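Accompanying notes for the structure given below.
2 protein chains.
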Amino acid sequence: MLYLVGLGLGDAKDITVKGLEAVRRCRRVYLEAYTSVLTVGKEALEEFYGKELILADREMVEQEADTLLKEADVCDVAFLVVGDPFGATTHSDLVLRAVKLGIPYKVIHNASIMNAVGCCGLQLYSFGETVSIVFWTDTWKPESFFDKIEKNRRSGMHTLCLLDIKVKEQSLENLMKGRKIYEPPRYMSVNQAAEQLLAIIQNRRLQGEKPETTENTICVGLARVGAPDEKIAAGTLQQMSSVELGGPLHSLIVTGTMHPLELEMLKLFSVDSSSFENNACQRTT
Amino acid sequence: MLYLVGLGLGDAKDITVKGLEAVRRCRRVYLEAYTSVLTVGKEALEEFYGKELILADREMVEQEADTLLKEADVCDVAFLVVGDPFGATTHSDLVLRAVKLGIPYKVIHNASIMNAVGCCGLQLYSFGETVSIVFWTDTWKPESFFDKIEKNRRSGMHTLCLLDIKVKEQSLENLMKGRKIYEPPRYMSVNQAAEQLLAIIQNRRLQGEKPETTENTICVGLARVGAPDEKIAAGTLQQMSSVELGGPLHSLIVTGTMHPLELEMLKLFSVDSSSFENNACQRTT
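Just so you know, the sequences run in chain order A and B.
Count the first sequence with the UniProt record's numbering and you get residues 1 to 285, in order.
Count the second sequence with the UniProt record's numbering and you get residues 1 to 285, in order.
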């Protein structure tokens, strides 16, 4: 049996009882290590689970799936994923491969950032399409996520922005020379995401557009959701560019139209309640 | 401390280790019993948690929140919610009440239907606004959810349809006479939801419209997601009106444009692969 086990978002104890029992039963346990991270490292998980973990990077999952699935028809193998196994990244490839090999699989769900963001008080069913904001480089500054945010806002919907993670990236030089030397991991902060959005708004104005999303749009910055040191800050997009949220992982929400109850919840996390009052777009029903 | 603890979707063991530790520490433990249900009853939970649970219906949470929060500033109280505490229903009211009373609170997240639906292979970030499909009565047949589905489909987005739950409903007669006699709980099935959607499509055609969503639109019926007897069926909307999924809870997804990988995953659950091929709208990128 292949178990796809969600680890939740905080630390070792965010695994479900069912998940923990499965992990302890398995012969091999892989930890997916490229789409998200917990606030604790591999060692803390190993100690709590009482199992050695094999780190599975993207290369391994994509290119060595058969190694990963070896003998999973006769023994139990677990694939651990931060959040939910079908959260921000689906692991459909692995499931399809298992099915083709005749290996049964079971999903053990957990919270993912896709539903845990509800803790800020915005209603999950008022979110439109989720977007990913990628790190800009000197030569590559995509803006397509902004168009999706605009579309959601025009429909009154909130937008969850998942922020870029760069793990096991090679510098151009190392890549060209075929050297497997990796840069330190980078996690986009709410500040960086807000700065990129502000830059796009400026660009659009230079092009004569009048974006729905402005410096004054109410946003929510979230850091380490589900962890003991979780931090949530609500304020204008401008304020998000300088708010202090600490270490990764960060997420950003650009709000649409808010229900009064949503607004009241957000105020619990406001960086500055006065500017907040004037800039929120409220639903009157 | 007020703990808002998500129970996940299946049975007693879907609670997280952190959640279980919190529950066992609490002086009073309430079980929210009006927005969702697990596949096991209160007694099974009590036995596993080693705690007596107090059932909290909507009336109690809305009208007797202060009783619920009594002494939560000096002792630990838990409020258990099937799924995630901020999933389909947010419990913002309770949180705001606690904050006003100076009671600290902590959220222990878990999977909710809002993210667990990813198990069918459709990507969560390709979902638009979530809708609720309510039971029609002889005199009340709202169609507003259909317009949201149409809007999502026009943008290529999938729609998660949460299906109605009627718990502790009174008959009109008992309500008028002030008798607190309740009807048996009712849970909308995928069949019923599909029938209502098909009826709306007919209505719209009679009005001269040409709906995006038709009898042949690929849909996914999900039952008891996360439980050992979970069932997923993918097929046309017409097929959803007769597919056999067993007991509650059910959810329905109306697909938008699909990525080839999403389509390949859905085929694992197809009721009839031939009709499937012709009716899916694929994304070519």
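Ideal placement from N, C-alpha and C gives every residue a C-beta, glycine not left out.
In this text the structure is predicted, and so the values were computed from the model without any measurement.
Where residue i sits in the DSSP three-state scheme
i	result
V220 (chain B)	strand
T67 (chain A)	helix
R186 (chain B)	strand
K166 (chain A)	strand
E32 (chain A)	strand
F135 (chain B)	coil
C120 (chain A)	helix
V40 (chain A)	coil
V74 (chain A)	coil
residue 321 (chain B)	A question about residue 321 (chain B) goes unanswered here, because the residues of chain B that appear run from 1 up to 285.
G19 (chain B)	helix
L160 (chain B)	strand
L197 (chain B)	helix
L7 (chain A)	coil
Cβ neighbour criterion (16 or more within 10 Å) applied to residue i
i	result
G50 (chain B)	exposed
I200 (chain A)	buried
N152 (chain B)	buried
E244 (chain A)	exposed
E74 (chain B)	A quick correction: the sequence has Val, not Glu, at residue 74 (chain B). Result: exposed.
T139 (chain A)	exposed
E129 (chain B)	buried
R179 (chain B)	exposed
E230 (chain A)	buried
K210 (chain B)	exposed
Q123 (chain B)	buried
R224 (chain B)	buried
K18 (chain A)	buried
G208 (chain B)	exposed
M176 (chain A)	exposed
D272 (chain A)	exposed
D11 (chain B)	buried
K100 (chain A)	exposed
Closer than 9 Å to chain B by CB, residue i
i	result
D84 (chain A)	yes
T16 (chain A)	yes
D93 (chain A)	yes
V81 (chain A)	no
M157 (chain A)	yes
L31 (chain A)	no
M258 (chain A)	no
residue 292 (chain A)	Since the first residue of chain A shown is 1 and the last is 285, residue 292 (chain A) is not available in this structure.
residue 292 (chain A)	No information on residue 292 (chain A) is available, as it lies outside the stretch 1 to 285 that chain A covers here.
S144 (chain A)	no
L237 (chain A)	no
V37 (chain A)	no
V240 (chain A)	Just to set this straight, residue 240 (chain A) is Met in the shown sequence, not Val. Judged by the 9 Å Cβ criterion, M240 (chain A) is not in contact with chain B.
Beta carbon proximity, residue i to chain A, threshold 9 Å
i	result
K151 (chain B)	yes
Y3 (chain B)	no
F276 (chain B)	no
C119 (chain B)	yes
F112 (chain B)	As written in the sequence, residue 112 (chain B) is Ser, which differs from the Phe given in the question. Judged by the 9 Å Cβ criterion, S112 (chain B) is in contact with chain A.
V225 (chain B)	yes
A116 (chain B)	yes
V99 (chain B)	yes
H250 (chain B)	no
E129 (chain B)	yes
S270 (chain B)	no
A12 (chain B)	yes
S132 (chain B)	yes
G8 (chain B)	yes
V190 (chain B)	no
residue 294 (chain B)	Lying before the first or after the last residue shown, residue 294 (chain B) is absent from chain B, which here runs from 1 to 285.
V61 (chain B)	no
S126 (chain B)	yes
V107 (chain B)	yes
E262 (chain B)	yes
M265 (chain B)	yes
*Jot down the residue ranges of each uninterrupted beta strand (DSSP E) in the segment 77-118 of chain B, minimum 3 residues, whole runs only, in chain order.*
77-81 and 105-108
*Are the segment 146-166 of chain B and the segment 175-192 of chain B in contact at 8 Å, needing three or more beta carbon pairs?*
yes
*Any beta strand (DSSP E) of 3 or more consecutive residues that is wholly inside the segment 218-285 of chain B*: 218-223, 231-236 and 250-254
_When you compare the segment 110-120 of chain A with the segment 115-126 of chain B, are there three or more beta-carbon pairs, one atom per stretch, that lie closer than 8 Å?_
The segment 110-120 of chain A makes contact with the segment 115-126 of chain B; the number of CB pairs closer than 8 Å reaches 3 or more.
*Decide yes or no for the touch test of the segment 7-19 of chain A against the segment 38-58 of chain A: beta carbon pairs closer than 8 Å, at least 3 of them.*
yes
*When the Cβ atoms of the segment 232-249 of chain A are set against those of the segment 143-161 of chain A, are three or more pairs found closer than 8 Å?*
no
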